[in-house]
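Enquirer: Here it is, the structure, as structure tokens.
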Amino acid sequence: MESKNNWKAWLYLAPVLILLAVFTFYPIISTIYVSFLKNYSYTTGTHKGFTFDNYVAVLTPYSSLGGAMFNRVMKTALPNTLLITIITVPLSIIFSLLIALGLNSIKILKKFFQTVFFMPYVTNAIAIGMVFSVIFSTDYGVFNNIIGAQNLAWIFKTPQSEAVSYWRALFAICFYIIWHSLPYKILIFLGGLQNIDAQYYDAAKIDGAPKWKTALKITVPLLSPQILYMMITSFIGAFKEYNSVIGLFGKSGGNFDINTGPKSMETMVFFIYDQVAKNNVQYASAASVFLLIIILLFTLLQSKVAKKRVHY
Amino acid sequence: MKAKKVHYKYAADTSDYVLALSGSEASTQTKERLSKAGHIISLVITYLLLALAGIIIIFPFYWMIITSLKTGAEIKQLQQTFFPKIVRWENYTDAFTRLDFVTLLRNTLIVGIISTLGTVITTILAAYAFARLNFKGRDLVFTFLLASMMIPGEMMVITNYISVSRLGWTNTSNTIGNFAAMIVPFWVSIFYIYLLRQNFKQIPNELYLAAKVDGKSDWEFLWKVMVPLAMPTLTTIFILKLMGAWNSYVWPNLIASGNKKVYLITNGLRETFSTAENPDDYGAQMAATVVVTVPLLLLFIFFRKYIMRGVGRAGIKG
Chain C
1 MESKNNWKAW LYLAPVLILL AVFTFYPIIS TIYVSFLKNY SYTTGTHKGF
51 TFDNYVAVLT PYSSLGGAMF NRVMKTALPN TLLITIITVP LSIIFSLLIA
101 LGLNSIKILK KFFQTVFFMP YVTNAIAIGM VFSVIFSTDY GVFNNIIGAQ
151 NLAWIFKTPQ SEAVSYWRAL FAICFYIIWH SLPYKILIFL GGLQNIDAQY
201 YDAAKIDGAP KWKTALKITV PLLSPQILYM MITSFIGAFK EYNSVIGLFG
251 KSGGNFDINT GPKSMETMVF FIYDQVAKNN VQYASAASVF LLIIILLFTL
301 LQSKVAKKRV HY
Chain Z
1 MKAKKVHYKY AADTSDYVLA LSGSEASTQT KERLSKAGHI ISLVITYLLL
51 ALAGIIIIFP FYWMIITSLK TGAEIKQLQQ TFFPKIVRWE NYTDAFTRLD
101 FVTLLRNTLI VGIISTLGTV ITTILAAYAF ARLNFKGRDL VFTFLLASMM
151 IPGEMMVITN YISVSRLGWT NTSNTIGNFA AMIVPFWVSI FYIYLLRQNF
201 KQIPNELYLA AKVDGKSDWE FLWKVMVPLA MPTLTTIFIL KLMGAWNSYV
251 WPNLIASGNK KVYLITNGLR ETFSTAENPD DYGAQMAATV VVTVPLLLLF
301 IFFRKYIMRG VGRAGIKG
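Chains as they are written, first to last, in this note's numbering: chain C, 1 to 312; chain Z, 1 to 318.
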């Protein structure tokens, strides 16, 4: 009976395990393997032995490519990705936490506001990216109108305008990413807030603690598991930013004034997909292994910090 | 019930008593009035800030809709108007002629529905095994699957692209292969297995034993009892997965590049319209984005509860 149940269970799991083996586990190993191959051709599967050249090309200027890949990864994609991450993760967490606290303290119109704040979640990243690029458009953009500027280039240069400054483009994309990432975080924080025992607040009230102090000393510490979860997942998400770039700047990734910063908003994942499309699978693999290592390091670091700070 | 109420009243009375002790009578009154005023002020500020944030959230939707109804001349005014003076519905006919909407919708629905059905089936089977069946290594395998969710999908895209192209699924002439490449790799989702397993676990064991007594097999019990009971979670999975297909861009873009016949809606949208400055084009462009956005919002309106429940579940650690 026992053994019969055993093979039956594996039969139930078979479809999932086979699909995962083919499309998840094998690819992870294979990508790491390909990243160390010399002159790999993905159509025939042939290569000329093992090498570190792919990593040298992607991470250093000292390769036969004359630093072309280095310029794209280390001088453009990595700085872009890091800046987007460092800006959007803390800001989106702070904003969503404030909104969730606000929503939690009201009764009238609560459902209405909740629905409004969730709307960006149910959108197509490319479509809304195109909307933002119209809002931020140079000559006739409503954003320029609102801030009282004329022909200020945020996304694209026009004949009347100066070249796009990198920092303006960075502002535009971070604005969009934060806008798009709020709903999920608000929903998670609100769920956490509703689980906090009302006793704590009663105790604070009796002690006569002001509202902001209650929020800072009671709510935030009790919400720390959700905050940690949000930090880890948003770090990973921000490192993989791609659709927002395509939506806002188009398939080229933008074209900025090189005196102000990187020349486009190309991110790490943008680079990886671009290399796959150009059949440079070996560089894509090396870059994605590099990305994986960065993500794992960040995740590890955060859980280390969390052990000291998070209250369970 | 009654006793509880009395107890509560008593507690409230004591707290007033404590307050009265701590200061003189007059200052207690002012204190109370002040705290009441403070409460109202903070409530007003909360509503104002929420309204402001709400406006920022809504604004892109609003701007998308009104721009989709504006004429080129109005879009090119130096001072932007917040409501179209002349409503130009032709932007929508323009969008429909340029965007091959029927083909794109058909392709997206084919990919969305077949990949969703496949996922639901594999998810039900795996969740059942993890929730109900006893076998060696169950917890180990489950933990292993959860851990693998950490690895970025980009790692897999590269090799998967090689795999499907070796199968000939990326040939531009192989339309069925192109569809298969967009569907088969997505027939499994660890997160949904996790979601459904939680749900299956809540179904009481007595039902299982009763079914056993009735002579039902595991298989029958799964489809006749478990699946109907888990319908809300399955609906959530179905809708979230369908939304995923509607929004997918990267993988279809790699697979379908060169074969316009198999473009999905997002690829068609991005290919048809350029982001570069061309204000005359904005009307039609925004009309197209409205067409792509509205089905999602409709899904949201009708299945709000299912969507928010499924998305919110991710944050609650079990």
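Idealized CB from N, CA, C, for every residue including glycine.
Please tell me whether C:P15 has its Cβ less than 8 Å away from any Cβ of chain Z.
Expert: Locating residue 15 of chain C in the first sequence gives position 15, where the first residue counts as 1. By this cut-off, C:P15 is an interface position.
Enquirer: Give every residue of the same chain whose Cβ lies closer than 6 Å to the Cβ of C:I236, excluding the five residues on either side of it in the sequence, and list them in chain order.
Expert: The residue given as residue 236 of chain C occupies position 236 in the first sequence. The residues are I295.
Enquirer: Would Z:D100 pass as an interface residue toward chain C - the criterion being a Cβ-Cβ separation below 8 Å?
Expert: For the purposes of this step, residue 100 of chain Z is identified with residue 100 of the second sequence, where counting begins at 1. It does not: the Cβ of Z:D100 has no partner Cβ on chain C nearer than 8 Å.
Enquirer: Less than 8 Å separating the beta-carbons of C:V116 and Z:A126?
Expert: By one-based count along the first sequence, residue 116 of chain C stands at place 116. By one-based count along the second sequence, residue 126 of chain Z stands at place 126. The answer is no: Cβ separation not under 8 Å.
Enquirer: Please report the distance separating the alpha-carbon of C:K38 from that of C:Y55.
Expert: As a first step, residue 38 of chain C is located in the first sequence; it is residue number 38 there, counting from the start. As a first step, residue 55 of chain C is located in the first sequence; it is residue number 55 there, counting from the start. The alpha-carbon atoms of C:K38 and C:Y55 are separated by roughly 11 Å.
Enquirer: Quick one: list the residues of chain Z neighbouring C:D139, beta-carbon separation under 9 Å, in chain order.
Expert: As a first step, residue 139 of chain C must be located in the first sequence, where it is residue number 139. From the beta-carbon of C:D139, the residues of chain Z found nearer than 9 Å are K76, L78, E277, P279.
Enquirer: Within the same chain, show all residues whose beta-carbon is closer than 7 Å to that of C:A286, passing over the 5 residues directly before and after it, in chain order.
Expert: What you label residue 286 of chain C is simply residue 286 of the first sequence in a count that begins at 1. Only S35, N54, Y55, V58 meet the Cβ criterion.
Enquirer: What residue ranges within the region 125-189 of chain C form continuous alpha helix (DSSP H) runs of no fewer than 4 residues, ordered along the chain?
Expert: 125-135, 142-147
Enquirer: Would you say Z:I307 faces chain C, with C-beta separation under 8 Å as the test?
Expert: For this step, residue 307 of chain Z is matched to residue 307 along the second sequence. Chain C, which has a Cβ nearer than 8 Å to the Cβ of Z:I307, makes this yes.
Enquirer: Check the Cβ of C:P27 against every Cβ in chain Z and list those closer than 9 Å, keeping chain order.
Expert: Residue mapping note: residue 27 of chain C aligns to position 27 of the first sequence, counting from 1. M155, M156, V157, I158, T159, N160, I162, S163, listed in chain order.
Enquirer: Report the rounded CA-to-CA distance for C:V305 versus Z:F82, giving the unit in angstroms.
Expert: Residue 305 of chain C sits at position 305 when you count from the first residue of the first sequence. Residue 82 of chain Z sits at position 82 when you count from the first residue of the second sequence. Answer to the nearest angstrom: the Cα atoms are 48 Å apart.
Enquirer: For Z:I151 versus C:I86, is the C-beta distance shorter than 8 Å?
Expert: By 1-based counting over the second sequence, the position of residue 151 of chain Z is 151. By 1-based counting over the first sequence, the position of residue 86 of chain C is 86. Cβ distance not < 8 Å, so Z:I151 and C:I86 don't count as in contact.
Enquirer: C:W141 to C:P159, Cα distance in whole Å?
Expert: If you number the first sequence from 1, residue 141 of chain C lands on position 141. If you number the first sequence from 1, residue 159 of chain C lands on position 159. A quick correction: the sequence has Gly, not Trp, at residue 141 of chain C. Approximately 15 Å, taken between the alpha carbons.
Enquirer: Could you check what DSSP says for C:F256 in three-state terms: helix, strand or coil?
Expert: Along the first sequence, one-based indexing puts residue 256 of chain C at 256. Coil at C:F256, not helix or strand.
Enquirer: I want to see whether chain C comes within less than 8 Å of Z:V311, judged by CB atoms only; does it?
Expert: Taking the second sequence and counting its residues from 1, the one referred to as residue 311 of chain Z is at position 311. It does; some Cβ of chain C falls within 8 Å.
Enquirer: Taking C-alpha atoms, which residue in C:L292, C:K8, C:T44, C:L187 lies nearest to C:K111?
Expert: The count along the first sequence starts at 1 and reaches residue 111 of chain C at position 111. For the residues C:L292, C:K8, C:T44, C:L187, the minimum Cα distance to C:K111 belongs to C:L187.
Enquirer: Pull the bridge partners of C:F50 from the DSSP assignment, please.
Expert: Indexing the first sequence from 1 puts residue 50 of chain C at position 50. Answer by DSSP bridge pairing, in chain order: C:L37.
Enquirer: Closest Cβ-Cβ distance between C:S105 and chain Z: below 8 Å?
Expert: Numbered from 1 along the first sequence, position 105 holds the residue referred to as residue 105 of chain C. With 8 Å as the cut-off, C:S105 counts as an interface residue toward chain Z.
Enquirer: For the 8 Å Cβ check, are there 3 or more pairs between the region 234-248 of chain Z and the region 159-175 of chain Z?
Expert: no
Enquirer: Around the Cβ of C:A203, are there at least 16 other Cβ atoms within 10 angstroms (buried) or fewer (exposed)?
Expert: In the first sequence, counting from the first residue as 1, residue 203 of chain C sits at position 203. C:A203 is exposed by the Cβ-count criterion.
Enquirer: I'd like the list of long-range same chain contacts for Z:P279, defined as Cβ closer than 6 Å, with 5 residues on each side in sequence excluded.
Expert: The count along the second sequence starts at 1 and reaches residue 279 of chain Z at position 279. I75, K76, listed in sequence order.
Enquirer: According to DSSP, simplified to helix, strand and coil, what is Z:R33?
Expert: Residue numbering aside, residue 33 of chain Z sits at position 33 when the second sequence is read from its first letter. Three-state DSSP puts Z:R33 in a helix.
Enquirer: Would you mind sorting C:L300 into buried or exposed? The rule is 16 or more other CB atoms within 10 Å of its CB.
Expert: Counting from one through the first sequence, the residue named residue 300 of chain C turns up at place 300. By the 10 Å Cβ count, C:L300 comes out exposed.
Enquirer: Tell whether a beta-carbon distance below 8 Å holds between Z:K70 and Z:G283.
Expert: By one-based count along the second sequence, residue 70 of chain Z stands at place 70. By one-based count along the second sequence, residue 283 of chain Z stands at place 283. It is a contact, given that the beta carbons lie within the stated cut-off.
Enquirer: Could you tell me whether the Cβ atoms of C:G192 and C:L216 are closer together than 8 Å?
Expert: The residue you call residue 192 of chain C lines up with position 192 of the first sequence. The residue you call residue 216 of chain C lines up with position 216 of the first sequence. Pairing C:G192 with C:L216 gives a Cβ-Cβ distance that is not under 8 Å.
Enquirer: What residue from C:S252, C:W212, C:I272 has the CA that sits closest to Z:S42's CA?
Expert: Sequence index remark: in the second sequence, residue 42 of chain Z carries index 42 (1-based). Checking every option, the nearest Cα to that of Z:S42 belongs to C:W212.
Enquirer: Listing by chain order, which chain Z residues have their CB less than 8 Å from the CB of C:W179?
Expert: By one-based count along the first sequence, residue 179 of chain C stands at place 179. What C:W179 touches in chain Z: I56, I57, P60.
Enquirer: Given that C:N243 touches chain Z, what residues does it touch there, using C-beta distances under 9 Å?
Expert: Your numbering for residue 243 of chain C matches position 243 in the first sequence. Under the 9 Å cutoff, chain Z gives N247, Y249, V250, T266.
Enquirer: Would you say C:M268 and C:T60 are within 8 Å of each other, going by their C-beta atoms?
Expert: Reading the first sequence from its first residue, position 268 is the one you call residue 268 of chain C. Reading the first sequence from its first residue, position 60 is the one you call residue 60 of chain C. Not closer than 8 Å, so no.
Enquirer: Does any C-beta atom of chain Z lie closer than 8 Å to the C-beta of C:G253?
Expert: As a working mapping, residue 253 of chain C is identified with position 253 in the first sequence. No, its Cβ sits nowhere closer than 8 Å to a Cβ of chain Z.
Enquirer: Since Z:Y249 contacts Z:T233 with CB under 8 Å, what's their CB separation in whole angstroms?
Expert: Here residue 249 of chain Z corresponds to residue number 249 of the second sequence, with the count starting at 1. Here residue 233 of chain Z corresponds to residue number 233 of the second sequence, with the count starting at 1. Z:Y249 to Z:T233, Cβ: 27 Å. No contact.
Enquirer: Once you ignore the five residues that flank Z:I114 on each side, which residues in its own chain have a CB closer than 6 Å to its CB?
Expert: Numbered from 1 along the second sequence, position 114 holds the residue referred to as residue 114 of chain Z. The residues I183, in chain order, have a CB closer than 6 Å to that of Z:I114 in the same chain once the five nearest residues on each side in sequence are set aside.
Enquirer: Under 8 Å between C-beta atoms, does Z:P84 make it to chain C?
Expert: As a first step, residue 84 of chain Z must be located in the second sequence, where it is residue number 84. Chain C, which has no Cβ nearer than 8 Å to the Cβ of Z:P84, makes this no.
Enquirer: Which of helix, strand or coil does DSSP assign to Z:F144?
Expert: Here residue 144 of chain Z refers to the residue found at position 144 of the second sequence. Z:F144 falls in the helix class under three-state DSSP.
Enquirer: Have a look at Z:L140 and C:Q302 and give me their C-alpha separation to the nearest angstrom.
Expert: Indexing the second sequence from 1 puts residue 140 of chain Z at position 140. Indexing the first sequence from 1 puts residue 302 of chain C at position 302. Roughly 25 Å separates the two Cα atoms.
Enquirer: Apply the 10 Å Cβ neighbour rule to C:N327 and answer buried if 16 or more other Cβ atoms are within range, or exposed otherwise.
Expert: For chain C, the structure presents residues 1 to 312; residue 327 of chain C sits outside this window and is missing.
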